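Novice: Counting from 1, one number per residue, gives the positions in the sequence shown under the working numbering. From the three backbone atoms N, C-alpha and C, an ideal C-beta is built for every residue, glycine too. Fair warning: this is a prediction, and the values are worked out from it, not measured in the lab.
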Amino acid sequence: MLKNIDGIHNEKVMRRDHLVFAVVLVAVSTLLFFIASQKILKIVEDGCFNRLREYAEVSSNEFIMNNLHYGGTLQFVADALGDRENYSIDSLQPKLNEMQPFLRDQKISVLLPGDVVVLPDGAVTESLNMGLSYKEESSQDAHVAVHLESDKPEEKLLFHFVPVKSRGRTVAVVFWKFSLGLIHQYLRNDNRYNRKMFVYVVNRDDGRFITDTKHDSLKSIYDYMNEMDNEKGLFSMYVDSMLAGATGEACVENYWEESNCFYYRPLAVNHWSIVISAPEKTAMAAIHKVRSILLCFGILVLVLFVAYFALLRRVAIRCISSEFDRSKQDDVGRVRYMQMKLLGLLSKNFIHIYYVNPESGSYVVYPSAMNDLYKEILSRFDCNVSLYDIMNNDELTKIHKDDLELCHSVFNRDAFLEMMGPNESRKVVDMRWFINGNWVWLRHTLIGFADGKGEGYVLIGVEDVNDEKVAVEAERERLSVIKGLSEDFSLVSFINPSTREDHLYYVKKNNWADNPNWKKVGNFEDRLKLIANTLVHPDDRKMFMEMTSGDVVREKLLKKNAYYVNYRMIINGVIEYWQLKFVMAGKAPDAQNQIVAGFISVDESTRLQLEQKEQLETQAEALKQALSAAQAANSAKKEFLNSISHEIRTPLNAVIGLTSIASTHLEDAERVKDCLVKIDQSSDRLLSIINDILDMSRIESGKFDLNEGPMHLFEVIHEVERDIRNDLQAKDLKFELDCVGINDDEVVCDKERLRQVLLKVLSNAIKFTKEGGSVSMSVKETPLTKSSYAAYEFRIKDNGIGMSEEFLKTVYEPFTRESAVSRDVRGMGLGLAITKNSVEMMGGQIEIASRLNVGTEVTMTFEFKLVQLKKNGEGDTLVNSGFAGKRILLVEDNILNREITMEILQDNGFIVTAVEDGDIAVKMLSKAKTRPFDVVLMDVRMPVMDGYEATKRIRAFENKDVAEIPIIAMTANAFDEDRKASFEAGMNEHIAKPVSIEKLKDVLAMFL
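#1: Quick one: what does DSSP say R169 is sitting in, helix, strand or coil?
#2: With three or more C-beta pairs closer than 8 Å as the rule, is the segment 756-763 touching the segment 799-807?
#3: Pop quiz: V553 and Y563 are said to be a contact at Cβ under 8 Å. What is the actual Cβ separation, rounded to whole angstroms?
#4: To the nearest angstrom, how far is the alpha carbon of F494 from that of M569?
#5: Answer yes or no: do F489 and I600 have a C-beta to C-beta separation smaller than 8 Å?
#6: What residue range does the beta strand (DSSP E) around M938 cover?
#7: How close, in whole Å, do the beta carbons of C407 and M391 come, if the pair is a contact with beta carbons under 8 Å?
#8: Mind checking whether I888 and V854 have CB atoms under 8 Å apart?
#9: Can you round the beta-carbon distance between M987 and T951 to whole angstroms, since I take them to be within the 8 Å contact cut?
#10: Compare the C-alpha of L580 against each of K559, Q609 and S549 and name the closest.
#11: Mind reading off the beta-carbon distance from G248 to S241? Whole number of angstroms is fine, and I expect it under 8 Å.
#12: List the endpoints of the continuous alpha helix (DSSP H) containing V465.
#13: Which partner residues of V492 appear in the DSSP bridge assignment?
#14: Could you check the C-alpha separation between A654 and Q729 for me, to the nearest Å?
#15: For V26 versus F305, is the C-beta distance shorter than 8 Å?
#16: Going by beta-carbon coordinates alone, are A969 and G947 separated by less than 8 Å?
#17: Residue range of the beta strand (DSSP E) that R783 falls in?
#18: What is the residue span of the beta strand (DSSP E) that D206 lies within?
#19: Alpha carbons only, please: which of D674, K809 and Y354 is nearest the one belonging to I460?
#20: Measure the Cβ-Cβ separation of V164 and A172 and say whether it is below 8 Å.
#21: Excluding the 5 residues flanking V117 on each side, which residues of the same chain have their C-beta closer than 6 Å to its C-beta?
#22: Inspect the beta-carbon positions of S273 and P266 and report whether they are closer than 8 Å.
#23: Output needed for G448: all residues of its chain with C-beta closer than 7 Å, excluding positions within five of it in sequence on either side, in chain order.
#24: Of the choices G82, F544 and R380, whose alpha-carbon is the least far from that of I435?
#25: Would you check if the distance between the CB atom of G843 and the CB atom of M860 is smaller than 8 Å?
#26: Name the two residues that bound the continuous alpha helix (DSSP H) containing S838.
#27: Could you tell me the boundaries of the beta strand (DSSP E) in which Y388 lies?
#28: Measure the beta-carbon distance from W441 to K469 and round it to whole angstroms, keeping in mind my assumption that it falls under 8 Å.
#29: Just checking my contact of Q387 with V356 at CB under 8 Å: how many whole Å lie between their CB atoms?
#30: Excluding the five sequence neighbours on either side, which residues of its own chain have a C-beta within less than 7 Å of the C-beta of P94, listed in chain order?
#31: What is the DSSP secondary structure of I801, counted as helix, strand or coil?
#32: Is N691 closer than 8 Å to D750 when the C-beta atoms are compared?
#33: What does the Cβ neighbour count give for L832, buried or exposed, with the cut at 16 atoms within 10 Å?
#34: For I968, which beta-bridge partners are listed by DSSP?
#35: With DSSP run on the structure shown, which of helix, strand or coil describes D738?
#36: Counting pairs of beta carbons, one from the segment 720-737 and one from the segment 993-1004, are three or more of them closer than 8 Å?
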């Protein structure tokens, strides 16, 4: 009776406990599920709004990039049209015609006073047709506005206006327009929003907004306040926020209980903001799906909980009943039952328990856990076979080879019988079994039970200890790694964060940390003070103590798992860089995280970083200087382009104008002659400019070569004097020439380069000397110790305007000119750059001394090789005999050039035969039996056969008399490499166009 009451009581207690446990577990699970659901929904909501933000970013970038790009382009056009006297259409037309390709390509129009608009294609219309007013648009600075064209009332257009300034006032307006439909094109094609997303661009000044829907054209956002607002006034609140230039997002329900989600942000253009809107059902569709999924998941979990606890209750009741039945067993069974229960209490983790007869080895298995591990082991055991036979079958048990000896020594009859002594015997054996493809550690607990007469049984409990063994091995490896890493540190200490007591884990030998007194210091704070006062650099001590204080270290380690303090130490009188590292590691006895502190030298790496930083700073400075140089070069090139445009147009304008004058006064011979003289002068000026540009190009490309040969210095000097004589007389300048110091007149050098150098320096002297001034040139020869060489000094001096010290520093750089005179005196800034390169190419030196408003002196020195006089008075005297009756074949494809050259040659007595291509010339000469012409003038570039190929074919004729006919290249290819190409093709001489008549006559005289 008493047992029945106890059973009923135990059953009620168990039911109550299970009920309480179930209620608490359901409540906690529900709370956690609710919190997790809220977080998931928040993440999904943020994702939905991120989509709206993405569209806003795309629209904003499209809007801004168009306006920024065209803003810069419009400003460029406005600057080009600025600072003019007259802004009538007739006055502006030439400039607009010049810029028309650019205006048409960029679709830029010009709004002029009187409400006149010049369209990109050059057409003129009234601004009222476009809804524009000059008075309204010119009263503002650069701005963006919205208008509707009369022929497209449904299209919203953004106009970007930039004023044209002249003397500080607006004289015209340039503008550009584009449709907002370009912005919407990308957004409205997104299938996820089913074309239910809307884009608005709102003006924050007056509340106007524009979109791509016809019925909302330029409607004020205030018109929607009453329609969209709800009782709480949320829509009005967000509108105020948007008009204030803020960024925000929300979902608002209106009076019709329709909810819309929107995101707004300001644009960086004229007080405009962009708004992206979509119905809440569309924008937040993902949230509704997630809510449904979470609800279904919650219901499923609740059902599983109920089923689980119902099953658990039934199992518990059955356990109570089973235990009550066992209590009715006899005394022997009760003792065995208690022994089994005791064994179970010794280890709750046994997979199964074996009841073994030590005499026979027969056994019975009592399962404790029906898992995969149990099933795998049990499949290898046959209850009809002795346990001894099974455990000694290595192929069956699949025990690790390193554990076989232990297995054989424990699981045998003799060992089991030894456990049957008067006292209880216990053994614990750990072995590795190969189970399910892995080696698993199993612990075998053997307990012998005997009755004192040598009879009894052995209980074997099998326990899975694989995780424990793996953890121990991992800990052993971790400690080994820590020990290895610690060797890089000079001192490693474990710190208790509560008491600040430390334990020295590692101290490097023969180091500052290898101090016997360290062990006497038990508090980490005292250890730090000792290190700071004895080793830390004085400038770092305060920082060191502050950054290593307990509060700072704990605060830093709460944010990150590691914390570093860098400082300097003075060791043996040498400053070294060190680092103190704090990390979290393991658990302390008081259950707080333990801190590990390590002192490590970072001297080598720190010094390397400092060197790299210094190198980077040096490189940055060099890049900065290079950038400045590049910017200066670009500025100079821009000035050069302006100058070259002016320099080329000036003589070209003279040529065109004088040609027109001469053609209208053909009956006035004197006037025509005067025009021709001036045309010749302008042509020479134009040719000089082109030659300067070509010379500079060859210098920069490294193709600037010399053509040295014997020449007379006096001849060059007097040619130069003759060339500058007219310029000297025009400005009434006094010129002094001193050549007394020349003893050896005949030298070897590049005659044309020397003449060019002297002309450029003298031209500068004349150009920058005021009327009535003086210019002088002296030439002095100095003997050299080197045989057959002499030094010549050319000194050119003037009393002109001079140069500033600042300009002298950059005087040889291309495209640079003195700013004070650059607008008053024509030039491109290439003269001295070419002169310096030419002088240095000839092995000379140039020096310039100048003072502002005093004058300039240029000194050039050369070393020339002397020409030895030929014996018997032989010389290279060129005799220009008459050309009458001489026959010339002229090969020229250009009709105008052909007529001019024929006229010049015929005027000098030549008989000229002209053909238009090299192919015709080859055919004509191939048919001749004797040489039909005295010389051939051959152009190079011709359509069918060029001059090089024609010359090669002529030289290949079998008739040597015709094949050896003199051929002179007369071409516009004026570079030295072109001259070399002519000689390589077999030509006898090379003349560059435009051709000087005297030069042509001198060359022809060489072959006639």
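Specialist: Well, looking at it:
#1: strand
#2: no
#3: 6 Å
#4: 22 Å
#5: yes
#6: V935 to M938
#7: 6 Å
#8: no
#9: 5 Å
#10: S549
#11: 5 Å
#12: Here V465 belongs to no alpha helix (DSSP H), and DSSP marks it neither H nor E.
#13: Y506 and G598
#14: 21 Å
#15: yes
#16: yes
#17: Residue identity differs from the one stated: residue 783 is Pro in this sequence, not Arg. Segment S774 to P783, the beta strand (DSSP E) holding P783.
#18: Unbroken run through D206: none, as it is neither H nor E.
#19: Y354
#20: yes
#21: S109, L111, T125 and S127
#22: yes
#23: M419, M420, E424, S425, G456 and V458
#24: R380
#25: no
#26: G831 to M841
#27: Here Y388 belongs to no beta strand (DSSP E); instead the alpha helix (DSSP H) covers L387 to M391.
#28: 4 Å
#29: First, the amino acid is wrong: residue 387 is Leu here, not Gln. That pair is a contact at about 6 Å.
#30: none
#31: coil
#32: no
#33: buried
#34: L937 and E989
#35: strand
#36: no
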